[in-house]
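Trainee:
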Amino acid sequence: MAVLHINPTRMELTQIKRRLITAKRGHKLLKDKRDELVRQFMLLVRENLDLRKQMEGELGFALKDFALARAVMEPGALRQALLYPARQASIKVGRRNILSVRVPEFKVDEGSLGETVLPYGMAETSAQLDNAIATMARALPRLIALAEKEKTVSLLADEIQKTRRRVNALEYVMIPQFEETIRYITMKLEENERGALTRLMKVKDMLAERAT
Amino acid sequence: MKHMSDKLRIGVVGEEEAILAFRAIGAIAVPAVTGEEVTAALFKLSRDKVPVIFITEQAARMAPEALVRYETTPEVAVIPVPGIMGTDGFGEARVHENVIKAIGADIVIDQEKREG
Chain P
-12 MAVLHINPTR MELTQIKRRL ITAKRGHKLL KDKRDELVRQ FMLLVRENLD LRKQMEGELG
48 FALKDFALAR AVMEPGALRQ ALLYPARQAS IKVGRRNILS VRVPEFKVDE GSLGETVLPY
108 GMAETSAQLD NAIATMARAL PRLIALAEKE KTVSLLADEI QKTRRRVNAL EYVMIPQFEE
168 TIRYITMKLE ENERGALTRL MKVKDMLAER AT
Chain W
100 MKHMSDKLRI GVVGEEEAIL AFRAIGAIAV PAVTGEEVTA ALFKLSRDKV PVIFITEQAA
160 RMAPEALVRY ETTPEVAVIP VPGIMGTDGF GEARVHENVI KAIGADIVID QEKREG
C-alpha cells in the first residue's frame, strides 16, 4: 500500500494519527449502518416478492375480464364508455425515513376506494365490463402497496451499494494507507534521531582526540 | 404519520389494450409501444409530478435505460406490471437485480422453489 506523499515531520504524524482515528470511527459507524440497512432490506424484499406475486395474479384476472369485455363490445363503444372515468384513482404521497434514506409512502385516497360507480350508460355496454372495472378497483390498493414496497427496495439497494463501497474504501484503502504512513513517519523520525545521536558521539570523540 | 401531499393521480404506460383497464379506474393512461414512445411517456408523466407510474412489462423491455433513470429518484416510482399476455418475469427479475446490487448475490429464493 502506497504511503501518502507528505513530509515526515512530527506535526504530520499527529495529524495522520488523528485522521486514522476518525477513519476508524467512520468505518465502524458505516459498517453498522450497512448491516442495519441489509437487515431491513431483506425483510422488505421478501414482502416485495410476495406482493408482486399476488398483484400479478390479481391483475391477470382483471385484464382477463377486460379481454372478455372487449370481445363482446365494439372497440369504439368500449373506448367511449371509458372516455370519462367516474372514479379518479388518486393517492397521497408522504415520506418516510429509513436510516436517512428518504423513501416514499403511498396511501390510496379513500375517495377512490368507494363503491364502484359506473361511468357509462347501460344500453351499449356489457356486464363483463362492469365486472372488469370492479376487479380492477379491488386490485388498486395492492398495486399501490406494491409500488411503495418496490420503490423502497430499489432506493435501499442503491443506498446499501453506496454504503458498502464506502465501508470497503475505508477498510481496504484509507485505513491501511494511514497506518502505513504512520509507520513510515515514525521510522523516519527514529532514523533521524539515531543519525543525530551518532553524529554527536562522533563529534565528542573528535573533540576528545583533539584535546589529547 | 408524516405530512401527506394532496391527492395525486397515478399514471400508466403501455399497450393500448392493457392500459384501458387502468384508465377505467382513473389513471392517466399514455399508450406507448416503441422505446421512444415509452421514454417520452415516462418523461411527460414524471414532469407532471405523477408519483406512481405503472408500466407494462412489454413496454418496459423496450426502454430499459429509461427505467434506470427513475430508479434512484424518490419522487417517481416506475413499477412494471404484467400486460395482457400475463407476466414474463421482467418485474420479478428487477427485484432480484436489486438484491444482487445490494448484497452481491441473489440470496432470496422463491417461495415455490423453496418448497419444491
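Top to bottom, those sequences are chains P and W. Heads up, the first sequence is in the numbering used here, so the first residue is -12 and it goes up one at a time. Heads up, the second sequence is in the numbering used here, so the first residue is 100 and it goes up one at a time. All residues carry an ideal CB built from backbone N, CA and C; glycine is no exception. Quantities reported herein were computed from a predicted structural model and do not represent experimental measurements.
Would you say E137(P) reaches chain W, if we count a Cβ-Cβ gap shorter than 7 Å as a contact?
Mentor: yes
Trainee: What does V112(W) reach in chain P if we use C-beta pairs closer than 7 Å?
Mentor: Those do not exist, as V112(W) stays about 14 Å from chain P at its closest Cβ, beyond 7 Å.
Trainee: Nearest to A121(P) by alpha carbon, out of L187(P), A49(P), I131(P)?
Mentor: The candidate whose alpha carbon is nearest that of A121(P) is A49(P).
Trainee: Work out the CA separation of Y171(P) and A183(P) for me, nearest whole Å.
Mentor: 18 Å
Trainee: Does the CB of K79(P) have a neighbour CB from chain W at under 7 Å?
Mentor: yes
Trainee: If we count the other Cβ atoms within 10 Å of its Cβ and call it buried at 16 or more, is I8(P) buried or exposed?
Mentor: exposed
Trainee: Examine chain W for any beta-carbon lying closer than 7 Å to the beta-carbon of T(-4)(P), and answer yes or no.
Mentor: Answer no: the Cβ-Cβ gap between T(-4)(P) and chain W never drops below 7 Å.
Trainee: Does the distance from the CB of A126(P) to the CB of D52(P) come in under 7 Å?
Mentor: no
Trainee: Where G215(W) and V207(W) are concerned, what is the direct C-alpha to C-alpha distance, given to the nearest angstrom?
Mentor: Interpretation of G215(W) is limited by its pLDDT of 49, a score under 50 that renders its predicted location unreliable; the figure taken from the coordinates is listed afterwards. Roughly 15 Å between the two C-alpha positions.
Trainee: Report buried or exposed for L70(P), applying the criterion of at least 16 other Cβ atoms within 10 angstroms of its Cβ.
Mentor: exposed
Trainee: Using a Cβ-Cβ cutoff of less than 8 Å, which residues in the same chain neighbour K205(P) once the five nearest sequence positions on both sides are dropped?
Mentor: Missing from the structure shown is residue 205(P); chain P here goes from -12 to 199 and no further.
Trainee: Verify the CB distance criterion: does Q148(P) have a CB-CB separation below 7 Å to chain W?
Mentor: Yes, Q148(P) counts as interfacial toward chain W.
Trainee: Can you list, in chain order, the residues of its chain whose CB lies under 6 Å from that of V175(W), leaving out five sequence neighbours each side?
Mentor: S145, Y169
Trainee: Please state the DSSP three-state secondary structure of N179(P).
Mentor: Helix, per DSSP.
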